[in-house]
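Colleague: For the sequence shown, the numbering used here assigns the number 3 to the initial residue and increments by one for each residue that follows.
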Amino acid sequence: MKIKFLGAAENVTGSRFLVESDKSRILIDCGLYQEREFRSRNWEDFPVRPSEIDNVILTHAHLDHCGYLPKLVREGFKGKIFCTPPTAGIVQISLMDSAKIQEEDAEFKKRRHKRAGRKGAHPEIPLYTTKDAKNVFSRFEKVSYQQEIQISPGIKATLYDAGHILGSAMVELKINENGKEKNLIFSGDIGRWDRPILRNPTIFEKADFVFMESTYGNRLHEEKEPSLKKLQRIIVETKEAGGNIIIPTFAIERAQELLYDINKLLREDKIPHLLVFVNSPMAINVTEVFKEYPDYFDKEARALLKEGDCLFDFPLLKMTRTTAESKARNYIKGTSIIMAGSGMCTGGRIKYHLVNNIVRPESTILFVGYQAKGTLGREILERPKNVRILGQTYPVRARIEKINGISAHADKDELLRWVSGFQKQPEKIFIVHGEKEVSADFASTLRNKLKSEVIVPKYLQECSL
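1) Enumerate, from N- to C-terminal direction, the unbroken beta strand (DSSP E) stretches of 3 or more residues contained entirely within the segment 307 to 384.
2) Along the chain, where does the alpha helix (DSSP H) containing methionine 284 start, and where does it finish?
3) Using three-state DSSP, classify aspartate 163 as helix, strand or coil.
4) Could you pull out every residue in the same chain whose Cβ sits closer than 7 Å to the Cβ of phenylalanine 206, ignoring the five residues on either side in sequence?
5) Give the single residue among Arg401, Glu150, Ala135 and Ile55 whose Cα lies nearest to the Cα of leucine 97.
6) Curious, which full-length beta strand (DSSP E) runs of at least 3 residues does the segment 398 to 434 contain?
7) Below 8 Å between beta carbons: does that hold for glycine 190 and alanine 164?
8) Expressed to the nearest angstrom, what Euclidean distance is found between the alpha-carbon atoms of lysine 112 and glutamate 126?
9) When you compare only the Cα positions, how much space is there between histidine 64 and isoleucine 254?
10) Output the boundary residues of the alpha helix (DSSP H) element that contains cysteine 85.
11) Applying the criterion that 16 or more other CB atoms from any shown protein chain within 10 Å of the CB defines a buried residue, is aspartate 47 buried or exposed?
12) Any chance the segment 312 to 320 sits against the segment 253 to 273, with 3 or more Cβ pairs inside 8 Å?
13) For tyrosine 295, I'd like the list of residues in its chain whose CB is within less than 6 Å of its CB, leaving aside the five on either flank, ordered along the chain.
14) Grab the span of the beta strand (DSSP E) containing cysteine 465 for me, first residue to last.
15) Does the Cβ of aspartate 24 have 16 or more other Cβ atoms within 10 Å, making it buried, or fewer, making it exposed?
16) Could you spell out where the alpha helix (DSSP H) holding phenylalanine 444 opens and where it closes?
17) Measure the C-alpha to C-alpha separation of valine 212 and proline 250 and round it to an integer number of angstroms.
18) Runs of 3 residues minimum, wholly inside the segment 51 to 105: which ones carry the beta strand (DSSP E) assignment?
19) Hey, how far is the Cα of tyrosine 372 from the Cα of isoleucine 5?
20) In this structure, does DSSP put arginine 201 in helix, strand or coil?
21) Looking only at its own chain, which residues have a Cβ that is under 7 Å from the Cβ of lysine 353, when we skip the five neighbours before and after it?
22) Say whether the segment 230 to 242 touches the segment 281 to 297, bearing in mind that this needs 3 or more beta-carbon pairs closer than 8 Å, one atom from each stretch.
23) What residue range does the beta strand (DSSP E) around glutamate 255 cover?
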């Protein structure tokens with residue numbers, strides 16, 4: 003039995019873990035690389051023939067965990083894709099949005115290169131198309147939390163609530179090989195305790211091998227209440243300055259939490275009653291999926307629903323589906339809150355809102371989620387003098403703000419809380435899903451606290467289990 007790290011090894015995105023036994027070969031997650039320095043890996047041949055992979059298990063619906071599926075299927079994968087029902091619904095939306103953006107971006111670059119007299123390479127063609135994305139959907143096998151299933155010969159799998167986004171899962175594998183059973187836990191992205199809408203992350207008592215994320219492994223988040231107060235202050239101050247609040251927003255979970263928080267501030271009359279635009283067809287569609295699965299909410303959110311409160315809707319909220327509606331926003335005078343994707347500014351409508359606001363000192367660019375190294379979002383967050391957007395260079399004059407407390411990722415203390423739940427320390431803990439320095443820092447922290455062997459695997463490294 004062995005595992006090969008095909009992604010999220012000394013980097014955050016591109017989650018792909020190949021588990022092999024004497025009888026089976028399965029893939030945990032099948033994500034896109036989103037950091038600029040690693041995106042070329044999306045275009046490379048997959049390290050193992052897709053036709054030789056029996057099945058895929060998805061932890062959740064973020065693109066860095068599921069976004070490579072259309073290419074995998076196109077290149078020969080014939081198995082099933084196991085995930086929770088909300089994940090299946092959101093992945094379909096996510097993949098269609100991703101394919102559409104890639105088609106549009108490829109066409110845009112092609113026209114730009116033609117005007118500039120440049121001959122482009124693979125960026126002029128999409129990684130996959132909307133047709134490729136649709137071909138994935140028939141392969142979903144929906145699995146409820148805590149339902150043990152036979153995933154492949156000799157391998158059983160159970161999904162548990164990760165508390166990260168709606169339907170997100172931690173994966174427990176029980177692998178029987180030569181009469182011996184080994185227990186593997188893949189954390190996926192670990193969520194947070196006492197957050198709105200979702201339940202707390204699952205704690206495990208035992209495992210032989212643990213594969214654990216480390217995105218915020220050397221940082222602490224702000225507490226929730228200061229985060230709400232900071233959101234309130236930024237909205238009030240930007241309104242007084244006469245600018246817009248531009249929020250690069252992840253369509254899955256972050257958009258819904260922001261709507262929940264803005265709704266709360268409005269109900270308590272703590273912010274001006276501004277127009278709020280959700281300029282993301284994907285975020286709008288995902289919000290509809292949220293409404294389908296209230297049983298996945300925590301007690302607080304379910305209680306509000308019983309009282310008749312609409313968690314994700316309020317007066318002056320405008321859902322912007324079409325491109326024409328999106329462009330029309332630029333002609334509306336006065337301050338408004340604009341939420342648009344993508345969350346790391348790597349594509350989508352957010353780039354156009356950045357172009358219109360990043361040169362305005364009165365406007366605020368507000369980041370509320372993790373910005374991976376090498377993304378446009380991280381570049382802006384580091385407050386450069388100039389930034390290149392859609393092929394043009396713009397001076398950065400807007401106010402740049404960040405709220406960490408809204409993050410859906412566990413911070414250092416919360417990661418330690420999760421790993422400390424094992425009553426018997428695992429034999430080995432593999433640290434994944436973190437920038438190289440962060441993973442190394444967190445691994446060092448664990449080595450000082452636990453007796454387990456702690457490993458930070460490298461890209462394409464293969465380890466026996």
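Ideal placement from N, C-alpha and C gives every residue a C-beta, glycine not left out.
Modeller: Checking against the coordinates, here is how it stands:
1) 319 to 321, 338 to 342 and 366 to 369
2) 283 to 294 is the extent of the alpha helix (DSSP H) around methionine 284.
3) DSSP places aspartate 163 in the strand class (E or B) of the three-state scheme.
4) Scanning its chain for C-beta atoms nearer than 7 Å, with the 5 sequence neighbours on each side dropped, one finds around phenylalanine 206 the residues Ile187, Gly423 and Phe424, in chain order.
5) Relative to leucine 97, the option among Arg401, Glu150, Ala135 and Ile55 whose CA is nearest is Ala135.
6) 401 to 404 and 430 to 434, all fully within the segment 398 to 434.
7) yes
8) 5 Å
9) 7 Å
10) Taken as a continuous stretch (DSSP letters only), cysteine 85 belongs to no alpha helix (DSSP H), being part of the beta strand (DSSP E) at 83 to 85.
11) Under this definition aspartate 47 is an exposed residue.
12) yes
13) Pro88
14) 464 to 466
15) Looking at its Cβ environment, which holds fewer than 16 other Cβ atoms inside 10 Å, aspartate 24 is exposed.
16) 438 to 451
17) 33 Å
18) 57 to 59 and 83 to 85
19) 27 Å
20) Here arginine 201 sits in coil by DSSP.
21) Cys347, Ile391 and Leu392
22) no
23) From DSSP, glutamate 255 is part of no beta strand (DSSP E); its letter is neither H nor E.
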